[in-house]
Each structure stands twice: as structure tokens, then as C-alpha cells.
Amino acid sequence: MNAGPDRRALLLGAAALVPLPAVAESSATRFDRTAYDRYIGLMNAGDLRFVDYYADDIRFVMNIRGRAGVLDFYARQRPFVKERLAVTFFCSDRTGAAAEVRSEVRCIRDCADMTIFGRPLKAGEVQTIRGCLLYVLDARGLVAEIKGPPPEILQPWTAAR
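FYI, in mature numbering (1 follows the signal peptide of the UniProt record, and there is no 0) the residues of the sequence shown are -24 to -1, 1 to 137.
Dropping the structure here:
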């Protein structure tokens, strides 16, 4: 009878001493609350760098596709409105994010083109909406899709008070 450890115990003990390979920190962009606040700040400032958070082939609400499509969408609106977003809820993980955002859209210049907003707008009109948005991230941590139900209109287009 052997008083020392058996071969199996020695192997298990030796295996426990072997360092495991470190799990590499993901090189993916983080879309955490800090990044989301930067993203919203760019949107509020009208800074087109907000698309830097998007994958090239992003699928955007209203069937808009690609970064260029998103930029075209905002290029049509920006001469006529100023949008101010306020985040009321946010959570995220490595696969995506969810946010509730309140948006005030203020008309800054008359717009007769009904294809942009669904009706003509007069400078000074304001609309307030609440949107619940889901952001799906790709393997690099870029927004690959933004989706959600239609926004809730809290205040329809009305003349500013």
C-alpha cells in the first residue's frame, strides 16, 4: 500500500498549476451607456459622426439600409428641423442595447415637401415623441440594426408656445 498520492491526484494537481490562456478582451466596440451618451450627443449636435457607430450595412428603421441611406435620410430632414433626444432608459450587453428615448423635433424652417414629414411644416411647430429602440450589434460591436415599434406621439405637431 502506497502512503503518497496516486498518479491521478498528481496529474490533477499538475493540471491545476498550468496557467490557462487568458481570454482576450474583445476588440469589439463597446456600446455601453458612456458610448450611447456620446452617440446621442452627436445626434443632438447634428454631427454626422454618429454613423461611426453603425456597421456599413446597417438596417435602420423605416427600411433604410446602409450608412449612406441613414445620412440621406437625415440630410433631407436637417435643413428643416432640430431634434433633441433625451434618454429615459438604457441597458446593453455585448450583443445589443435597448433604449427609451424622448425626442423633441422642432421645425426651424418652413417645409412644403410632404414626403419628408408626411405634411407641410411651418417654422416653430414642435412634435414630441417617445421611442423604444433595440440596437443589434455585429461581431465588431457596431450597430447592425436599429428596430422597434412605431414611436408614440406624445405631442403632435403644434405651434410652439
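Glycine included, each C-beta is placed from N, C-alpha and C at the ideal position.
Item, Value
"Paired residues, beta bridge with A73 - DSSP", "S68 and Y111"
"First through last residue of the beta strand (DSSP E) which encompasses residue 158", "Since the first residue shown for the chain is -24 and the last is 137, residue 158 is missing from the structure and cannot be characterised."
"Exposure of Q131, with buried meaning 16 or more beta-carbon neighbours within 10 Å", "exposed"
"Cβ shell of E128 (< 7 angstroms), same chain only, five flanking positions each side left out", "I105 and R106"
"Classification of L97 by the beta-carbon crowding that lies within 10 angstroms, buried from 16 upward", "buried"
"Outcome for A75 when other beta-carbon atoms lying within 10 angstroms are tallied against a minimum of 16", "buried"
"Burial state of residue 176 (16 or more Cβ within 10 Å)", "With the chain covering -24 to 137 only, the question about residue 176 has no answer from this structure."
"Close-in-space but distant-in-sequence residues of the same chain around D32 (CB under 8 angstroms, 5 per side omitted)", "G42 and R43"
"Collapsed DSSP secondary structure at D33 in the structure displayed", "strand"
"Span separating the alpha-carbon of D86 from that of W133", "13 angstroms"
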